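A short write-up of the structure that comes next.
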Amino acid sequence: MKRYLILLLFTFQGLMAQVQFEARVSKNTLGVNERLRIDFIMNVDGDNFDQPTFDGFKIVGGPSQQVSQSWVNGRSSFQKIYSYILQPNQKGTVYIKQAAIEYNGQVYKTQPIKVVVTNAVAQERDPNDNSRPQGAGNETLNLVAEISKTNPYLNEPITVVYKLYFNNINVTGFKELAKPKYNDFWNQNIDIKQLSIEEGTFQGQRCYFVILKKTILYPQKSGRLTIEPLSLDIGVQLPTNRRDMYGQMLLTDDNRVVSAGAKAINVRALPEATKPEGFGGAVGRFNFTVTPSKTKLKSGESLDLIVSASGNGNMKLFTLPKPVVPNALEMYDPVHDEQVTTSLSGMSGKITDKYSIIPQYKGKYAIKPMQFSYFDLNTGSYKTITSPEIMVDVLDGPMQAEANATANASKNVISKTDQFKYIKSKTILVAIAKNDFYGSNLYYILLFMPFLIVPIIVLGKKRKEALDGDVTGNRIRMNNKLAKKYLSEAKKQLNNKEAFYIALEKAMHNFLKAKLHIETSEMSKDNIQELLLSRNANPESVQSFINLTENCEFARYAPASSASIQQDYDKAVLIISELEKQIV
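If you count by mature numbering (1 follows the signal peptide of the UniProt record, and there is no 0), then the sequence shown holds residues -17 to -1, 1 to 567, one letter each, in order.
Shown next as structure tokens:
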């Protein structure tokens, strides 16, 4: 009897036990190159476990299941755990959704979990970490960003070379998780025709390395600038401690995320105290010449004045001085030409402005000497090159004084035949016929006009009050107007890269304000995407719109050809036109 009472007591205790089902993560904040372990824990043997979708993560391990049951002091305890190892796909805030189980006909769910994914962080291998397969213990896999100089001057070239070091590990492939961003830098990637494996050392250990990327940077702002890290997801094969029947070491497939880490660059400003007047921003080492195509010419002929700078430095990032010519020489806007190559050592070559000059009068005219100043990185000082004075000899044509006198005389001399042309030789008599104003058409028009104008004024006033009261409508109309205005401005600035991308970005922002009825403060990427999709916009069009908007800021400092600028403009017109049709 006593045995039955104990069994009944345990059964009642089990029925009264509260069902617990929760999700626990190993960390709530992690780098994009770290892994996360999540456990779904229940204190009952639930059925139909429904895992979440894990949006924003890749499952690299699991699910694994653990079940434990124990009796302590006459009390039983039960625990079942489903475990997963997750790898984040990108930076940002990610939510792990609810998991669910069934028990005694009821559904139990976990709470959503917020996880913040940051930039890649430095990692040290934890021997107790069982979230990834273990190799032989002496594997090397590191991504390093080698920077040529961390305290350059403004517009001084620096290089970033990304090297992947590895040892006792086979690399089967890789893909970029996070591309480095070079905010406030002019940058250009140096092509690598073929990846080659070389021998080297990393932290005193001999290993192999491969150069994945080379970039040349020119800082465009002084102060502390940050280069965001390059992160890679690398497929690897790790050796294990097991061997096959032939004695060969067995390998296991895995993937690792490595990052070069964020790099800080302290950019020094150019000296202000000794900066020459008219300094155009040239930094490097240059030669400067001013060459006329001819110095003697006849009336109606033209000469070309070629202003050029050659050497090594920020060739594409400064302007050449403009010549000053006498008023008797008519000078046209220059034709700009660049013959510049960019290598890992920086930009080198020649830039030229060619001016067409046409003389108006006979005589000798002097083109004043021109000065070109640049900051020499070797000496840390400014240098100025002065071109010689150029004399232009116009051999024939009117003299300037004679031409002015002839022009004035031609205005004052009147021929004899024209002396009396303003006196009429015939008289036309007009009868004095007078119509009374009273009863005329004009009389009746003026009489009834107030009765017609008053209703128009009243209706116009009411319409104006209605328009003034429609704050939202006015804002939408204004944003539409601004979007068209800036899109038109972008078209005019196709030959001016920075002004073009500024106008294009404003046009796209005002289009969003008009269509989504939002303010600038609400223009986050996620909010824009959610609002556009909720208005039945095509996901591809939405993603293209967001990509083009993000590219505008980056493209101001990136090199761009006229063809790529025209493509961006055509793409913006097409995307705006498609969204105009899709948004309801």
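Ideal Cβ positions, reconstructed from N, Cα and C, are used throughout, including at glycine. None of these values were measured; they are calculated from a predicted model.
Around the C-beta of residue 491, 16 or more other C-beta atoms lie within 10 Å, and the residue is accordingly described as buried. The C-beta distance from residue 173 to residue 198 rounds to 7 Å, short enough to fall under 8 Å. Bounds of any alpha helix (DSSP H) do not take in residue 360, whose DSSP letter is neither H nor E. The continuous stretches of alpha helix (DSSP H) do not include residue 87, and DSSP gives it neither H nor E.
Shortest Cα-Cα distance from residue 341 to any of 277, 90, 358 involves 277.
Here the C-alpha atom of residue 332 lies approximately 40 Å from the C-alpha atom of residue 73. Between the beta-carbon of residue 210 and that of residue 194 there is about 17 Å, and that puts the pair past the 8 Å contact cut. Residue 310 and residue 248 have their alpha carbons spaced roughly 49 Å apart.
The alpha-carbon separation between residue 495 and residue 171 amounts to approximately 32 Å. A Cβ-Cβ separation of about 7 Å places residue 334 in contact with residue 303 under the 8 Å criterion. By the 16-neighbour rule on beta-carbons within 10 angstroms, residue 547 is exposed.
The C-alpha of residue 196 is placed about 27 Å away from the C-alpha of residue 484. Looking at 512, 468, 532, the one whose alpha-carbon comes closest to that of residue 525 is 512.
Taking 3 residues as the minimum length, the beta strand (DSSP E) runs contained wholly in the segment 34 to 82 are 40 to 55, 58 to 71, 75 to 79, in order along the chain. A contact is defined here as three or more CB-CB pairs under 8 Å, and the segment 232 to 239 fails this definition with respect to the segment 180 to 191.
Look at the beta carbons and you see the segment 122 to 132 touching the segment 203 to 221: at least three pairs across the two are nearer than 8 Å. Judged by pairs of C-beta atoms under 8 Å, the segment 217 to 228 touches the segment 152 to 161, as three or more such pairs exist. Excluding sequence positions up to five before and after residue 354, its CB lies within less than 6 Å of the CB of 367, 369, all in the same chain and listed in chain order. Between the C-alpha atoms of residue 535 and residue 507 there is a straight-line separation of about 15 Å. Rounded to whole angstroms, the gap between the alpha carbons of residue 499 and residue 51 is 54 Å.
Between residue 266 and residue 139, the gap from beta carbon to beta carbon is short of 8 Å.
Residue 348 and residue 312 do touch by the CB rule: their CB atoms are close to 6 Å apart, below 8 Å. Rounded to the nearest angstrom, the gap between the Cα atoms of residue 84 and residue 98 is 23 Å. Here residue 439 carries a helix assignment [DSSP, helix/strand/coil]. For residue 188, the enclosing beta strand (DSSP E) has its first and last residue at 188 to 202.
Boundaries of the beta strand (DSSP E) harbouring residue 319: 318 to 326, taken from the DSSP string. Between the alpha carbons of residue 168 and residue 327 lies a distance of about 15 Å. For residue 180, the beta-bridge partners assigned by DSSP are 193. Bounds of the beta strand (DSSP E) holding residue 153 are 153 to 161. Counting only runs of 3+ residues, the beta strand (DSSP E) found wholly inside the segment 203 to 270 occupies 206 to 210, 214 to 226, 232 to 242, 246 to 250, in chain order. Inclusion of residue 497 and residue 566 in the CB contact set at 8 Å is not warranted, their separation being larger than that value.
Note that the C-beta distance between residue 487 and residue 551 is below 8 Å.
Annotation for residue 520: no alpha helix (DSSP H) segment contains it, and DSSP assigns it neither H nor E.
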